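Heads up, the thing below is written out as structure tokens.
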Amino acid sequence: MPLSTSSNFARPDDAFRAIVEAHRGLTAEQSADFDAALVLILANHIGDIDVLREAIGLARRRMIDGQQQQQQQQ
Amino acid sequence: MAPAKSQFGYRRHPDQDRPGQNPAHPVVVVGAGPVGLSLAIDLAQRGQRVVLLDDADRIGEGSRAICFSKRSLEYWDRLGVGDRMVDKGVVWSVGRIFHGEQQLYQFNLLPEDGHKRPAFINLQQYYAEAYLVDRINELPEIDLRWRNKVTALEQRNDSALLTIETPEGAYRLNAQYVIACDGARSSLRQMVGAEFAGQVFEDQFLIADVKMTAEFPTERWFWFDPPFHAGRSALLHRQPDDVWRIDLQLNRYADPVVEKKPENVRPRIARMLGHDEFQFEWISLYKFQCRRMDRFIHGRVVFAGDSAHQVSPFGARGANSGLEDAENLSWKLDRVLRGRSPAILLESYHIERSAAADENIRESTRSTDFMAPNSHQEARLRKAVLSLAKETEFGKRMVNGGRLSVPCSYDSPLSSLDADTWRGGPSPGCSMLDAPVATRAGEQIYLTDAFRESGTDFTLLSFSNGAPIDAPDGIKGIRIGGEGGLADPSGLVAKRYRAEPGAAYLLRPDGYVAARFRHPTRSAIAAALARAEGLY
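First to last, the protein sequences are chains A and B.
Residue numbering for the first sequence follows the working numbering, starting at 1 and increasing by one per position.
Residue numbering for the second sequence follows the working numbering, starting at 75 and increasing by one per position.
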């Protein structure tokens with residue numbers, strides 16, 4: 001099963017909001033700890049190493065693209 | 075410190091009095107550690123004459139390897155030393171992982187019955203070596219020469235010429251094959267000019283074997299961030315004779331000379347144990363290293379054990395993988411020396427065992443990285459795993475305090491792919507599975523016993539459906555069920571092999587599955603046999 005990138009939530013704003021609110025009031029350090037735990041929990045729930053690798057690949061590409069855009073703007 | 079456990083004398087050999095003649099031998103094994111000793115015994119039991127050289131005159135100094143796996147014990151059974159090892163060793167299968175003061179989880183490495191051997195025994199390496207030397211003394215085929223140090227090697231087309239230094243000067247001999255079991259700092263490896271590439275980890279670990287009477291159970295206890303050793307990891311493991319193995323992770327900047335001093339080690343251990351009533355047997359400080367040779371075969375020199383690959387501990391993958399090398403190599407070398415298989419069969423040793431080395435290195439690198447995270451983010455992820463482990467099963471399974479050695483499965487040119495559909499059982503390239511059986515006389519034995527008694531050659535393990543099996547000539551057989559077969563009173567053989575009546579497994583001399591058939595025919599068995607003999 002490939003990584004699904006179509007919109008899976010009936011109300012995507014609720015999902016985004018839930019994650020944002022979970023970070024409210026946390027220091028940067030606490031936020032990073034929280035994210036680490038959340039990533040592991042979700043990765044296990046997916047339970048498919050190929051999907052996980054695809055997700056990692058997508059996140060890395062976005063990060064690299066983001067850095068390049070930043071450099072162009074400077 | 076413990077004295078050497080056994081001392082052996084140098085003895086002059088007639089080979090040393092034939093200058094200019096270069097006496098010829100079929101096999102010279104270099105290094106009388108667990109791997110070289112076991113390999114020599116295996117070859118001798120197959121009828122080969124073996125010269126075994128060692129540059130020391132003793133075994134001993136420190137317990138070094140302590141965990142010997144079920145697979146190694148089954149191999150040692152075949153070499154006639156299994157009972158002595160198990161009788162002396164302490165049997166264990168349970169491990170516990172702690173974080174701080176709290177137990178995160180426990181695991182059982184052999185949760186089912188019906189196996190002759192336990193998951194592991196702990197036994198000081200010097201005992202294992204002493205028992206192997208005793209066995210060698212019963213075998214006239216082996217010529218064990220202490221204080222014989224190989225100082226030069228010259229490769230020829232069909233042999234290797236060794237120069238050997240002794241207390242009475244040097245001599246030379248010719249070997250059709252040299253098996254280098256001379257350890258991680260192998261001098262043979264340098265002589266063939268091979269690299270030993272890999273990774274050295276920065277964190278240092280202190281190993282101490284201490285003698286004390288204690289009430290801890292015979293289990294493997296591993297701590298992350300224990301109260302007695304804040305921020306680092308620790309391991310406690312029992313050995314025979316009231317000796318306990320303690321591993322403590324130190325920081326990467328610790329001074330090895332200072333840290334090794336008993337007066338500096340003592341307070342650390344006392345903090346761990348809560349008392350000071352122990353004596354040191356052995357103290358060592360080391361860095362994890364994971365390396366392997368690119369090729370395990372260089373001309374007429376074949377590398378086995380730590381000389382070919384080195385892994386960090388905590389997975390019991392060092393000595394055990396070396397013993398798997400020995401059992402993989404010996405039957406192949408025997409066949410090649412007899413001309414029963416082409417020399418290319420040895421290439422399968424390199425293919426199978428270098429893949430196994432990669433797997434062992436991968437597993438132990440992951441364990442090491444988990445114990446000693448490389449970055450803040452790695453440490454953060456580890457912290458998340460350890461905290462999730464308190465309440466989730468998946469978290470417990472991600473905690474990596476060492477993944478203990480299990481037999482590798484080989485993706486091998488010697489294996490024949492399944493032609494039938496199987497719903498389980500060991501597939502070609504996997505190790506045979508043990509199970510209880512009963513002889514016709516009603517004696518309770520194990521499948522591994524029956525395999526040993528059949529002579530550890532190619533063996534057809536068949537499940538009777540009443541009809542005789544049409545097997546190629548000369549192949550050994552173990553028959554389950556039917557007239558004259560072994561009984562399977564618990565049904566565990568059929569269950570573990572997912573075998574219906576009429577099915578058969580072709581086992582290699584090292585107990586690995588070469589092929590299996592739900593409806594065996596003479597021609598299919600013969601083809602699989604030829605492939606596994608290197609006649610592919």
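The C-beta atom is built at its ideal place from N, Cα and C for all residues, glycine as well.
Here the structure is a predicted model, which is why all the values come from computation and not from measurement.
Is any beta-carbon of chain A found at less than 8 Å from that of residue i?
| i | result |
| --- | --- |
| Val331/B | no |
| Lys457/B | yes |
| Phe468/B | yes |
| Val261/B | The amino acid at residue 261/B is misidentified as Val; the sequence shows Ser. No, its Cβ sits nowhere closer than 8 Å to a Cβ of chain A. |
| Leu462/B | yes |
| Arg365/B | no |
| Arg454/B | yes |
| Ser479/B | no |
| Arg85/B | no |
With which residues is residue i paired in a DSSP beta bridge?
| i | result |
| --- | --- |
| Lys550/B | Thr533/B |
| Glu239/B | Lys223/B and Ala244/B |
| Ala417/B | Looking at the DSSP assignment, Ala417/B forms no beta bridge with any residue, so it has no partner. |
| Glu228/B | Leu235/B |
| Glu510/B | It should be noted that the sequence gives Pro, not Glu, for residue 510/B. Pro510/B pairs with Tyr520/B. |
| Asn196/B | Cys141/B and Val164/B |
| Arg170/B | Gln180/B and Trp295/B |
| Cys482/B | Note: Cys482/B sits in no beta bridge, so no partner. |
| Val125/B | Val102/B and Asp217/B |
Please confirm if residue i has its CB atom under 8 Å from at least one CB of chain B.
| i | result |
| --- | --- |
| Leu40/A | yes |
| Asp33/A | yes |
| Ala36/A | yes |
| Asn8/A | no |
Keeping to the same chain, check which residues put their C-beta closer than 7 Å to that of residue i; ignore five residues upstream and five downstream.
| i | result |
| --- | --- |
| Asp380/B | Gly257, Ala258, Gly392 and Gly396 |
| Ala344/B | Asp350 |
| Tyr84/B | Asp131, Trp220, Arg221, Thr240 and Pro241 |
| Ser261/B | Val224 |
| Phe302/B | Arg345 and Met346 |
| Val274/B | Lys361 and Gln363 |
| Lys569/B | none |
| Glu293/B | Trp166, Val168, Gly169 and Arg170 |
| Val410/B | Ala417, Leu419 and Leu420 |
| Phe34/A | Ala22, His23 and Leu26 |
Residue i: buried (16+ other C-beta within 10 angstroms of its C-beta) or exposed?
| i | result |
| --- | --- |
| Pro510/B | buried |
| His189/B | buried |
| Gly267/B | exposed |
| Pro500/B | buried |
| Tyr201/B | buried |
| Leu491/B | exposed |
| Ser597/B | exposed |
| Ser307/B | buried |
| Asp547/B | exposed |
| Ala193/B | buried |
| Glu574/B | exposed |
| Asp544/B | exposed |
| Glu426/B | buried |
| Val125/B | buried |
| Ile371/B | buried |
| Glu467/B | exposed |
| Thr442/B | buried |
| Val20/A | exposed |
| Lys144/B | buried |
| Pro77/B | Its pLDDT being 46, under 50, Pro77/B is placed unreliably by the model, and the measurement read from it follows with that caveat. Pro77/B should be labelled exposed. |
| Met1/A | exposed |
| Arg605/B | buried |
Give me, in chain order, the residues of the same chain whose beta-carbon lies closer than 8 Å to that of residue i; leave out the 5 immediate sequence neighbours on both sides.
| i | result |
| --- | --- |
| Glu433/B | Cys482 |
| Leu153/B | Ser112, Ile115, Asp116, Gln119, Leu206 and Arg209 |
| Asp157/B | Asp151 |
| Glu276/B | Arg326, Lys361 and Ala446 |
| Lys464/B | His173, Gln176 and Leu178 |
Am I right that residue i and residue j are in contact with their C-beta atoms under 8 Å? What's the rounded C-beta distance?
| i | j | result |
| --- | --- | --- |
| Val164/B | Arg312/B | 5 Å |
| Arg246/B | Ile238/B | 7 Å |
| Val459/B | Met472/B | 5 Å |
| Ser422/B | Ser486/B | 6 Å |
| Gly556/B | Ser538/B | 3 Å |
| Leu324/B | Glu337/B | Going by Cβ atoms, the distance from Leu324/B to Glu337/B rounds to 16 Å, so no, they are not a contact pair. |
Excluding the 5 residues flanking residue i on each side, which residues of the same chain have their C-beta closer than 6 Å to its C-beta?
| i | result |
| --- | --- |
| Ile281/B | Asp321 and Ser358 |
| Gln250/B | Pro100 and Ser233 |
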